[in-house]
Amino acid sequence: NDPDTKASVSHDFTCTCDSDMTIVKIDGPATCTKDECTTTPCGTGQTCNDPNTSPSSTGDYTCTCANGVVTTGGAATCDNDECTATPAPCGTGQTCNDPNPAANVLHDFTCTCDNMLHDPNPAANMLHDFTCTCDSDMSIVKVDGPATCSSDECDAMPCGTGQTCSECTTTPCGTGQTCNDPNTSPSSTGDYTCTCTNGVVTTGGAAT
Numbered sequence: 018n019d020p021d022t023k024a025s026v027s028h029d030f031t032c033t034c035d036s037d038m039t040i041v042k043i044d045g046p047a048t049c050t051k052d053e054c055t056t057t058p059c060g061t062g063q064t065c066n067d068p069n070t071s072p073s074s075t076g077d078y079t080c081t082c083a084n085g086v087v088t089t090g091g092a093a094t095c096d097n098d099e100c101t102a103t104p105a106p107c108g109t110g111q112t113c114n115d116p117n118p119a120a121n122v123l124h125d126f127t128c129t130c131d132n133m134l135h136d137p138n139p140a141a142n143m144l145h146d147f148t149c150t151c152d153s154d155m156s157i158v159k160v161d162g163p164a165t166c167s168s169d170e171c172d173a174m175p176c177g178t179g180q181t182c183s184e185c186t187t188t189p190c191g192t193g194q195t196c197n198d199p200n201t202s203p204s205s206t207g208d209y210t211c212t213c214t215n216g217v218v219t220t221g222g223a224a225t
């Protein structure tokens, strides 16, 4: 722009940058810059940096998250909780936890079974060392597989003095009666029999 075109007036022209109209130089070319960060292209809490502010250099600015995630030419995705992915990364009945949801920290999530077995060493390279313990008898323990649980009602001695019970330890039958539990599954109760010496048999209680 030449504000005075008289031949006697020289060196009064101005050069103004198209990229920033506030940059004006009189009597010579202006030094134009275009800092892309001035338009706030990064997200909240992110730091913007434009390494080359030449008007011809665009899309080279970086956005940096507080946790170190860096993206060039656009706002950064600072967090990426892998547990929110679809489909869910853990199976049914499992709880997912991502200890570091930063977008640049991947594959660190853990899956924990809601019904946990007892694993003394959960390290990935320590396998087949878990134990299963019967609820009906805490002394029945199996390593690396399901325990064979039983609930033999004769184990509680249901028969009285002088009675013969298969592994009896308590007294549901009368004196001189024999106790037998045909099904020792924990879900099978009340099916034991008491047998008198004269052959009378009662199920689930002392015989008369």
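Count along the sequence shown from 1, add 17, and you get the number used in the numbering used here.
Every residue, glycine too, gets a C-beta built ideally from N, C-alpha and C.
Quick caveat: nothing in here was measured; it's all calculated off a predicted structure.
Cβ-Cβ distance between residue i and residue j below 8 Å
i	j	result
T3	T225	With the chain covering only 18 through 225, there is no way to say anything about residue 3.
D77	G60	no
T70	K51	yes
N66	T75	no
G49	P72	Going by the sequence as given, residue 49 is Cys instead of Gly. Closer than 8 Å, so yes.
P106	C113	yes
T33	I43	no
Boundaries (first-last residue) of the beta strand (DSSP E) holding residue i
i	result
T111	The question names Thr, but residue 111 is Gln in the sequence shown. Where Q111 is concerned, the enclosing beta strand (DSSP E) stretches over 111-114.
T195	195-197
V122	Where V122 is concerned, there is no enclosing beta strand (DSSP E), given that its DSSP letter is neither H nor E.
T33	31-33
C211	210-212
V217	Per DSSP, V217 belongs to no beta strand (DSSP E) and is neither H nor E.
From the options, residue whose alpha carbon lies closest to that of residue i
i	options	result
P58	T39, A83, A93	A93
G85	C34, C107, A119	A119
T88	A102, T112, Q63	Q63
V218	E53, Q194, N200, T127	Q194
T127	D98, N121, T103	D98
V122	C100, G222, D35, G216	C100
P46	T55, D35, C54	D35
A223	T55, C196, A83	C196
T109	T212, D198, T81, T129	T129
C213	T192, P116, D115	T192
Worksheet item: Can you list the beta strand (DSSP E) stretches of 3 or more residues lying completely in the segment 37-90, in chain order?
Response: 41-43, 64-66, 79-81, 87-89
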